[in-house]
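Residue numbers (my numbering): 462 to 641. Using N, Cα and C, we set each Cβ at its ideal position, and we do this for glycine too. Presented below is the structure to which this report refers.
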Amino acid sequence: MFEEYGPEAVAGLCDEMPYFTTLDDWREAIPKVLDVEFSELLSAYEQYPRCHRQQYRARLWECAGEPDAIADPNGEVVFDIDMDCAANGVIGPLGSRIVATRRLWFPEEMRTGVFIRGEDGEDAELDFNVQACAACSEHPHLYADTGLTTVFNFSPGMYELVVYAGSDFSESLSVHLEPF
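As structure tokens, this is what we get:
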């Protein structure tokens, strides 16, 4: 929908829809905002791949704008994340976690380590993933911290770094992008 109608239309649907929606809410809002019947919209999108929510969110919000960091194929890049529920750019608590997102630009194909360290300089005990900013129909790459490796092969382009921590977590983190 984002690619077909643009961000303004999607934002318009968000404004029009209640938080907890029913099928009738969709049937009423789609023609009003998009000027197309609900059944026509469903028919048009039958061939599209199914996307999970993270892919939708990344396309709409986190990937928009300038990068927070630009990876350097010749040297380490370090930036900070204030991982605290009250910090700007941190969402939550959502359930039992808080979430921070940052935009990363990779200017060329490169093998890069993504390391997140706490205030003590040690690896932070939290989860993260890095996803290419692309429509889900393009099947964007998703790289996740597996606990075994955090070194990935990135193609050129914008990526979204998503960092997860417990809702009571409060620490300044440093993110290190190291070429390999």
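Can you name the residues that DSSP bridges to residue i?
| i | result |
| --- | --- |
| A525 | Paired residues: none, contrary to the question. |
| W487 | W487 pairs with nothing; no bridge assigned. |
| T562 | V623 |
| V551 | A561 |
Taking all protein chains shown into account, decide if residue i is buried (16 or more other Cβ within 10 angstroms of its Cβ) or exposed.
| i | result |
| --- | --- |
| A490 | buried |
| A605 | exposed |
| A472 | exposed |
| V612 | exposed |
| A505 | exposed |
Checking 7 Å against the spacing of the C-beta atoms, do residue i and residue j come in under that value?
| i | j | result |
| --- | --- | --- |
| E501 | E639 | no |
| A628 | P554 | For the sequence presented, residue 628 should be read as Ser rather than Ala. Cβ atoms of S628 and P554: closer than 7 Å. |
| M478 | P534 | no |
| A532 | F567 | yes |
| L587 | L622 | no |
| Y466 | L503 | no |
| V560 | Y620 | no |
| E569 | P528 | no |
| C594 | C524 | yes |
Apart from the five residues just before and just after residue i, which ones in its own chain have a Cβ nearer than 6 Å to its Cβ?
| i | result |
| --- | --- |
| V539 | S635, H637 |
| N614 | R572 |
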